[in-house]
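Before any comments, here is the structure.
There are 2 protein chains.
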Amino acid sequence: MNELKTDILIIGGGPAGMMTGITAAQFAPHKQVLVIRPETDAVIPCGIPYIFGTLGGTDEDMAGRAPLLAAGGKIQIGRIQSVDRKARTAVLDSGDIIHWERLVLATGAENFIPPISGTQLEGVFSIQKDYQYLDALFSKVVPQIKTLAIIGGGFIGVEFADEIRKRGIQVHIIEMLPHLMQAAFDLDACEAVEKQLQKQGIQIHTNARVEALLPDSTGKRVAQVQISGKDPLSVDGVLIAIGVRPNVHLAQEMGLTLSRSGGIWVDAYQRSREDPAIFAVGDCAHKQDFFTRKANHALIASQAAAEGRIAGMNLYGLRELRHSAGSVSVYASEIDGLAFGVAGLTQHQAETEGFPILIGESRLPDHHPASMPNTTEIYCRVIFSAESLQLLGGQILGGATTGELVNTIGLAVQMRATAPDLASMQFGSQPRLTPSLHPLIAATGDALQRHFAQSHPCVN
Amino acid sequence: MNELKTDILIIGGGPAGMMTGITAAQFAPHKQVLVIRPETDAVIPCGIPYIFGTLGGTDEDMAGRAPLLAAGGKIQIGRIQSVDRKARTAVLDSGDIIHWERLVLATGAENFIPPISGTQLEGVFSIQKDYQYLDALFSKVVPQIKTLAIIGGGFIGVEFADEIRKRGIQVHIIEMLPHLMQAAFDLDACEAVEKQLQKQGIQIHTNARVEALLPDSTGKRVAQVQISGKDPLSVDGVLIAIGVRPNVHLAQEMGLTLSRSGGIWVDAYQRSREDPAIFAVGDCAHKQDFFTRKANHALIASQAAAEGRIAGMNLYGLRELRHSAGSVSVYASEIDGLAFGVAGLTQHQAETEGFPILIGESRLPDHHPASMPNTTEIYCRVIFSAESLQLLGGQILGGATTGELVNTIGLAVQMRATAPDLASMQFGSQPRLTPSLHPLIAATGDALQRHFAQSHPCVN
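Chains as they are written, first to last, in the working numbering: chain A, 469 to 928; chain B, 469 to 928.
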């Protein structure tokens, strides 16, 4: 047993932990930064589905340590068994004790496995953000599968389906709700995604509740998925991808307050309720929605990294004021050339929250003239508060620029842009790179036109 | 001679005029909108260079009338000879008189032809935004050219060079300044563009002042470009692309006030000084820079369209407050896979204006992991005011998303985002669509780190 010392101890080496470490090492260069994580080799979380298709291997999705080391931080492989808040120490599985000044919990999330029978059978798996696990999955489990059922039609399920079908595997997606992606998108986008998947031969089962996973004659390996009120599906593999939950085991043992969402309670600077020297970032930390102040369940890498930046800058005093009021969902993905993305509230979410809303739409080619090569249509829908005309969110169906268009909408939401702000905004346009008119501006113009027609029907 | 009547008369059918017409027809549906323009068939201005390469023909770059007609506007081909402000009438070249309630000047710009000898020779041309002119250029003039000199190394010159070399034409670019694109970009971007053009076999002559264009033995056709202090270049074609000037002939005859920039003086709603019923939009109208309030010479289609939207919404009273404080340069282009863009002030411009500045940089692959297909590096530089930390501008060298990244920076500039705003901003990331970290956020982090190290050197 050794006694070690660091200034900043970060538990967990995913996007939140690594970004906290990098930022802390940059902003407090005289402080020692140590990241402890169990994974010898970490992977890039959002790249995981692509291991099984586009990338063709786990080695292509490694998350490097280089940025942390370059910034002056250190990394050590291990598991923290316990933390003594008073003594400001942590105990490793090796028995070593680490003394710290600032502690950052970045313990991530764990897959939610539904309480049904058969989830322990061979051929049933979920996604773990661990190189060794994924590599075994890629090289041993997946090659034995001919027909795969994916339980859960969210981002992971949809992306994994489109990748793994490229290996010649027959894929079924099973979703409890009436549509895939329904938690994140409005119906038109969900339907476009479903169509695109079906074109690839993927079979979609919606309004479908899984009752049990049934074994083959040996009793060991999964052979059927039993769905309420429907014929059972014959499969030889099942991916469970119905969501994740904050991993707060250590935080609970430490006696830290959790929020209603199940994540560790944090203030705007990611500090715990109990001790301003103890922080939490990423999937294990509570997030509140930018607009509603309710729990926001955006357990995604970009949000985790954003929190890591905030914590990293402010470990030793509030060096950078936090200017963001909370979490904004900013998501995008692509299935076989159809990209789809969302920032802020969807129309459905805004209506459910009770916001009176104003909608605007635009359809434009993503290059101009539309005769330029590789031109795809961009559909944009924006949602404004009908009262204040503040931008609440927007959705894009488009091509290669969809991710950055959604980021522009995300920035506009977070800067509290209004429809008049956007209507008088100047954007660039170039034939090879963009539409002639920015989709966000065109959709805003449409919204203002509807607004004006409603508010002043008699003005001519 | 007929007497006609319209509510809104728009003179000019380029991006500014058409956008004014479309917006006016949408926001004032009971008013008649009439656009008068000389071109039977208009082209998309920023698409012009691509006619000569990628598009392979003028017919592929037509600007449709459909959006104007769909909105309820009308278009008529002709030239306005004179305007009587008092009588509120305009006279067409046909002799017809048009009565109007609101008049919008969208007369565009004309090419600046330098006062040197030989510009009238055969084989010497400039770019006119007119279908018949361009079609003759494409089908008659260009096929006779083996060696082309382009005078002017701005966007038009550079894009035209890269397109026309695809026809097997040997291209020279002649630029007076030490670098191509120098008015718009900092040196590193200029040098990257020069390298990319040279890789395509294009010859670049910088610090080169053209003294005269010399004829061949017949005295009719251009044969040489005489450059100060250098050997003459043998050519059989010359494109003059050294810039444009506001076309204000009609405005001057009408007695409207011009600004120091040479454009028609307009207020924030594009109204003339003399008469709130007379507007000017686009290249013919004065623009003031967002930061410096000096004349901004961004005579580009996206700016013109932005002004058209403002005017179109506010012809009959200030229905939409203008929220933008002035013109922000937002430009992008691409040469053979290298895209480059800028929004707001460059480092050089900011320093020249006397702003104490803070710089930040980032380099990231545009997909993640970098092993994803078609991955290009994105270089981002951001410039903040060192005093207020307000974002002054940014530049991108990258791939297919460069145009939209520059638009995001442009939005951040216009929303007056500060470095702390951006540092706590949330963005989305997705392997196929974006970097793992937004280039603007990464560069902002770099800037803040430098700022913190300078401001608080002793904090550890």
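For every residue, glycine included, the Cβ atom is placed at its ideal position computed from N, Cα and C.
Small disclaimer: the values here were computed from a predicted structure and weren't measured.
In this chain, the beta strand (DSSP E) harbouring D552 (chain A) covers I548 to D552. At a C-beta separation below 8 Å, C514 (chain A) has these neighbours in chain B: H836, S897, Q898, P899 and S904. Note that the region 726 to 740 of chain A does not touch the region 595 to 613 of chain A; fewer than 3 beta-carbon pairs, one per stretch, sit closer than 8 Å.
Boundaries around Q922 (chain A) are those of the alpha helix (DSSP H), P907 to S923, since no beta strand (DSSP E) includes it. In this structure, the CA atom of T522 (chain A) is about 15 Å from the CA atom of Q668 (chain A). By the rule that beta-carbons nearer than 8 Å mark a contact, Y799 (chain A) touches chain B. Think of a sphere of 8 Å around the beta carbon of V850 (chain A): no beta carbon from chain B falls inside it, the nearest being about 14 Å out. At a cut-off of 8 Å between beta-carbon atoms, H791 (chain A) makes contact with chain B. DSSP, read as helix, strand or coil, puts L682 (chain B) in strand.
By alpha-carbon distance to E829 (chain B), the top candidate from B:F895, B:F808, B:H816 and B:P907 is B:P907. Residues G780, M781 and R787 of the same chain have their beta carbon placed closer than 7 Å to that of F495 (chain B), with the five preceding and five following residues left out of the count. For D529 (chain B), the nearest CB of chain A lies under 8 Å from its own CB, placing it at the interface with that chain. Counting along the chain, no beta strand (DSSP E) covers S770 (chain A); the unbroken alpha helix (DSSP H) around it starts and ends at A769 to M781. In the structure shown, M469 (chain A) adopts coil according to DSSP, grouped into three states. Straight-line measurement puts the Cα of D598 (chain B) at about 22 Å from the Cα of S550 (chain B). Taken in chain order, the members of the region 861 to 882 of chain B whose beta-carbon sits within less than 8 Å of a beta-carbon on chain A are A868, T869, T870, G871, E872, L873, V874, N875, T876, G878, L879, A880 and Q882.
Secondary structure note for K542 (chain B): its beta strand (DSSP E) is the uninterrupted segment K542 to I545. Membership of H717 (chain B) in the alpha helix (DSSP H) is indicated by the continuous run H717 to E721.
Below 8 Å, enough C-beta pairs join the region 507 to 515 of chain B and the region 474 to 489 of chain B to call them touching: three or more. Residue environment for R505 (chain B): buried (at least 16 other C-beta atoms within 10 angstroms of its C-beta). In terms of Cα proximity to L879 (chain B), the closest of B:H924, B:D552, B:Y799 and B:L681 is B:Y799. Close partners of E802 (chain B) in chain A (Cβ separation under 8 Å): Q898, R900 and L901. According to the DSSP secondary-structure assignment, H640 (chain A) is paired through a beta bridge with A:A617 and A:Q671.
Between the C-alpha atoms of R633 (chain A) and D804 (chain A) there is a straight-line separation of about 11 Å. L865 (chain B) and H836 (chain B) have their C-alpha atoms roughly 17 Å apart.
Contact with chain B is found for M781 (chain A), since one of that chain's Cβ atoms lies less than 8 Å from the residue's Cβ. In the three-state scheme derived from DSSP, where H, G and I count as helix and E and B as strand, Q894 (chain A) is classed as coil.
T820 (chain A) counts as exposed, since fewer than 16 other beta carbons sit within 10 angstroms of its beta carbon.
Along the region 727 to 747 of chain A, none of the residues has a CB nearer than 7 Å to a CB of chain B. Around the beta carbon of S594 (chain A), 16 or more other beta carbons lie within 10 angstroms, which makes this residue buried. For Q664 (chain B), the closest Cβ of chain A is not nearer than 8 Å. Between V690 (chain A) and P683 (chain A), the C-beta spacing is below 8 Å. CA-to-CA, the gap between I548 (chain B) and R570 (chain B) works out to about 15 Å. Per DSSP, reduced to three states, the secondary structure at H498 (chain B) is coil, with no helix or strand assignment.
Contact between R553 (chain B) and D743 (chain B) holds: CB atoms are separated by about 6 Å, below the 8 Å threshold. Under DSSP, H567 (chain A) takes part in a beta bridge, and its partners are A:K473 and A:T557.
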